[in-house]
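Colleague:
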Amino acid sequence: MDVGLINGLPSHPLFVHGAAVLVPLTALALVVCALWFSAARRLSWVLPVMGLVTLALVVLTTESGEWLEERVRESALVEEHAEMGSGLTPWAIALFVLTVAVWLLGRGGLRRERDRSGEAGSPAGGGASAVARTASSVPVRVVVLVIALVVAVGAVIQVYRIGDSGAKAAWQDRFSTSRSGAGR
494 MDVGLINGLP SHPLFVHGAA VLVPLTALAL VVCALWFSAA RRLSWVLPVM
544 GLVTLALVVL TTESGEWLEE RVRESALVEE HAEMGSGLTP WAIALFVLTV
594 AVWLLGRGGL RRERDRSGEA GSPAGGGASA VARTASSVPV RVVVLVIALV
644 VAVGAVIQVY RIGDSGAKAA WQDRFSTSRS GAGR
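Residues in the sequence shown are numbered from 494 upward in steps of one, following my numbering.
(1) Are there 16 or more other CB atoms within 10 angstroms of the CB of Trp455, so buried, or fewer, so exposed?
(2) Alpha carbon to alpha carbon, how far is Ala575 from Gly497? Give it in angstroms, no decimals.
(3) I'd like to know whether the C-beta atoms of Gly544 and Leu523 end up nearer to each other than 9 Å.
(4) By Cβ distance below 7 Å, which residues in the same chain neighbour Ile499 in space, the five residues on each side in sequence not counted?
(5) Should the segment 569–588 be called in touch with the segment 643–653, which here means at least 3 C-beta pairs below 8 Å?
(6) Can Cys526 and Leu518 be called in contact, C-beta distance under 9 Å?
(7) I'd like to know whether the C-beta atoms of Ser579 and Thr555 end up nearer to each other than 9 Å.
(8) Once you ignore the five residues that flank His505 on each side, which residues in its own chain have a CB closer than 6 Å to its CB?
(9) Which whole-angstrom value is the C-beta distance of Leu521 and Leu638, which I expect to be below 8 Å?
(10) How many angstroms separate the CA atom of Leu588 from the CA atom of Ser671?
What follows is the structure in structure tokens.
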């Protein structure tokens, strides 16, 4: 699959803008849902789908960046940007895994609430399953929240660093700080 061109132009800038928006948005949704499992239940399947789309977009961005790297003038800034760019994929994988985990934990908490209220065909005695009890326990929620915070902050910082290096690679010494005479 050739991800290098869209309408005859390099696709990398298009994918970059999508990833620069979606990675922080997914990170924010992850943290909110890890903090309030009721938000994960409200978002339902949207949270893991966001994680999956984010991961796919990061992979497309990286692939299109590698395609473009082979077709631009070699420089230290381009090399630095390319090396940093491939470092976002592990963060995107972690975001995806955590969005699925938080979604599942949110569903486990819902099951426990239903079991307590006697809904959804719970067994006589109405006790929540051991998995649902463990999933909604405070220690598990705290661990998941801390991991989600670390991954979310790390992913956003990495997106910023990659974007900064890409902007430098694309624009360093290629414009003037004073206005040109055109249009006067």
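Virtual Cβ for every residue (Gly too), placed ideally from N, Cα, C.
Modeller: So, from the listed chains and residues:
(1) Because the chain in this structure spans residues 494 to 677, residue 455 falls outside the shown range and cannot be described.
(2) Position 4 of the sequence shown, counted from the start, is the residue given in the question as residue 497. Position 82 of the sequence shown, counted from the start, is the residue given in the question as residue 575. Near 15 Å, if we compare the C-alpha coordinates of Ala575 and Gly497.
(3) Walking along the sequence shown from the start, residue 544 turns up at place 51. Walking along the sequence shown from the start, residue 523 turns up at place 30. Yes, these two residues count as a Cβ contact at 9 Å.
(4) Within the sequence shown, numbered from 1, the residue matching residue 499 stands at position 6. When the five nearest sequence neighbours on each side are left out, the beta carbons in the same chain lying within less than 7 Å of the beta carbon of Ile499 are those of Leu507, in order along the chain.
(5) The segment 569–588, when compared against the segment 643–653, does touch it at the 8 Å Cβ threshold.
(6) Here residue 526 refers to the residue found at position 33 when the sequence shown is read from its first residue. Here residue 518 refers to the residue found at position 25 when the sequence shown is read from its first residue. Remark: C-beta atoms of Cys526 and Leu518 do not approach each other more closely than 9 Å.
(7) Reading the sequence shown from its first residue, position 86 is the one you call residue 579. Reading the sequence shown from its first residue, position 62 is the one you call residue 555. Yes, the pair counts as a contact, with Cβ atoms nearer than the cut-off.
(8) Numbered from 1 along the sequence shown, position 12 holds the residue referred to as residue 505. Excluding sequence neighbours, His505 sits near Ser557, Gly558, Leu561.
(9) By one-based count along the sequence shown, residue 521 stands at place 28. By one-based count along the sequence shown, residue 638 stands at place 145. About 14 Å separates the beta carbon of Leu521 from that of Leu638, a gap too long to meet the 8 Å contact definition.
(10) For this step, residue 588 is matched to residue 95 along the sequence shown. For this step, residue 671 is matched to residue 178 along the sequence shown. For Leu588 and Ser671, the distance between alpha carbons rounds to 42 Å.
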